[in-house]
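So in the UniProt record's numbering, spot 50 of the sequence shown is number 50, and the numbers just go up one at a time.
For glycine and all other residues, C-beta sits at the position ideal for the given N, C-alpha and C.
The next block holds one structure in the form of structure tokens; read it before the comments.
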Amino acid sequence: MRWSLNDSTRRVIESAPAIIQIVLAATASFAFTNLVLGHSNPIFSVTVAITALGFTRDARPRRILSTAIGMVTGIVLSELLLLLIGQGLWQMSIVLLIALTAARFITGSAAFALTVGIQAMLVYIMPAPEGGAFVRSLDGVIGGFTALIFTAIIPRDPRGLANKDATKLFNIFLDSLEALKLAVRNVDVAIVDEALTRVRRSQPLVDNWRMSLDSAIAISRISPFLRKYQDELSGQVRLMRGMDLATRNLRVVVRRVDFLVRDGVSRPYLADLFEQISSATQLLSMGLESAERLREAQEQFVEIIHQLDPKKFGIADQIREASVLLLLRPLLVDLLCASGMSEDDARAELPAI
């Protein structure tokens, strides 16, 4: 893999909110445990705060709390075993064995188990701090609470991240529709093959959008700065679910068109349909910011879905061509659902065949 200055710069810019949040949380956690509580080396207040926040896309408070609990569990368990069996090589093995076993019993998360084990070993190997037993456990608890507090008061703009993820998916979707339009009009197999490759790789974009939305909604419940966006985020969940299903159906349509154009026949009426769907989908993508655009998109999708009858184009007895129109029907139902229409109402708009 070649190093790219542009990729590195973009990565730093995108991580800037997380970097600022982590730096401030770690500093605050250290300042409280060191200056207020008087702990001379509060390393675990810092490591728990940093690790709990992390750079992961999943910034949900539940995930942060789970990570913090895992780390504190390892710290407490190690400190307790230090008191019971002392230090030594075989004792260290026993501590790690118990820590990993307990973590795997508590949850199926491999990351959680490793977090518990690492914290247990850090406590066991490092010199004991002043202040007696469980000082490090208190530091870890403070680090975890600090991470949660900074998640609420200095959120990483998860709403903006969700919008960026949505835009990436819409771009793939619109590019694929453009490729379908050109392919059926110009009988270009290469274009539709490229579209097929792109659309097959679209699922991670959907997954990223879903995770970003989950994080944004979870943070909006505890953050005074994001609470006002809860209704907007809930509406975006509906849009995401509709686009997820529509993208799955688009993959099927692209595969069918890839097979269809190999007969060398131009089909302008299909190109016109794809262009109409693309235009309406562009309006749908603007619905991230405007409810009016969602309504306009819905009206256009209704006009399109009414056309999806093979008899309208005189191809009812041509299975190869009619199958494309039939595959567009569930695609339009999904797009209508994404625009806010119920599934039953969307299906009711389908012309009888």
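DSSP state of residue i, grouped into three classes?
i: T73; result: helix
i: R267; result: coil
i: F134; result: coil
i: W3; result: coil
i: V192; result: helix
i: Q282; result: helix
i: V59; result: The identity of residue 59 in the sequence shown is Ala, whereas the question assumes Val. If DSSP states are grouped into helix, strand and coil, A59 belongs with coil.
i: Q21; result: helix
i: M126; result: coil
i: I315; result: coil
i: M341; result: coil
i: I277; result: helix
i: E14; result: helix
i: G86; result: coil
i: S66; result: helix
i: I142; result: helix
i: S8; result: helix
i: D272; result: helix
i: P310; result: helix
i: L148; result: helix
i: A352; result: coil
i: G287; result: coil
Report yes if the C-beta distance between residue i and residue j is below 7 angstroms; otherwise report no.
i: L288; j: E296; result: no
i: V95; j: A103; result: no
i: D139; j: S66; result: no
i: I22; j: I50; result: yes
i: R256; j: V333; result: no
i: T33; j: I142; result: yes
i: T146; j: A28; result: yes
i: L226; j: P155; result: yes
i: A183; j: I172; result: no
i: Q230; j: S215; result: no
i: G144; j: V48; result: yes
i: G74; j: A99; result: yes
i: A280; j: Q300; result: yes
i: A195; j: L335; result: no
Give me the residue from the options with the minimum Cα distance to residue i.
i: R136; options: I125, R201, E232 and I43; result: I43
i: S278; options: Q298, S290 and V265; result: Q298
i: D244; options: R201, V189, L37 and I69; result: R201
i: L174; options: E275, R62, T33 and I353; result: E275
i: L270; options: Q307, R57 and I13; result: Q307
i: A52; options: G131, A68, R62 and E349; result: A68
i: A291; options: I353, G340, F313 and A322; result: G340
i: A352; options: P129, R329 and P17; result: R329
i: I222; options: I149, T167, Q203 and E178; result: I149
i: D272; options: R185, L114 and D193; result: R185
i: E321; options: P268, T247 and I305; result: P268
i: L89; options: G70, L114, F313 and M121; result: M121
i: T167; options: I319, D7, I304 and M286; result: M286
i: L177; options: L205, D258, A113 and K228; result: D258
With 7 angstroms set as the bound, which would you pick, yes or no: does the beta-carbon of residue i sit closer than that to a beta-carbon of chain B?
i: T27; result: Any reference to chain B falls outside this structure, which holds one protein chain only.
Which residues mark the beginning and the end of the alpha helix (DSSP H) in which residue i is found?
i: E296; result: A291 to I305
i: M240; result: Q230 to L260
i: V184; result: P158 to N186
i: F330; result: Position check: residue 330 holds Pro in this sequence, whereas Phe was assumed. Here the alpha helix (DSSP H) through P330 covers I319 to A338.
i: P204; result: Q203 to S220
i: M92; result: L89 to I106
i: S45; result: I43 to L53
Measuring from the CB of residue i, is there a heavy atom of the ligand ZN at a distance below 6 angstroms?
i: L294; result: For the structure depicted, the ligand ZN is absent and the ligand set is empty, with no information on it obtainable.
The stretch 79-87 touching the stretch 155-169, judged by at least three CB pairs closer than 8 angstroms: no
Quick one: any contact between the stretch 190-201 and the stretch 245-253, if contact means 3 or more CB pairs under 8 angstroms? yes
Is there contact here, the stretch 206-216 with the stretch 227-239, by at least three beta-carbon pairs under 8 angstroms? yes
Are there three or more Cβ pairs, one per stretch, closer than 8 angstroms when the stretch 210-226 is compared with the stretch 54-64? yes
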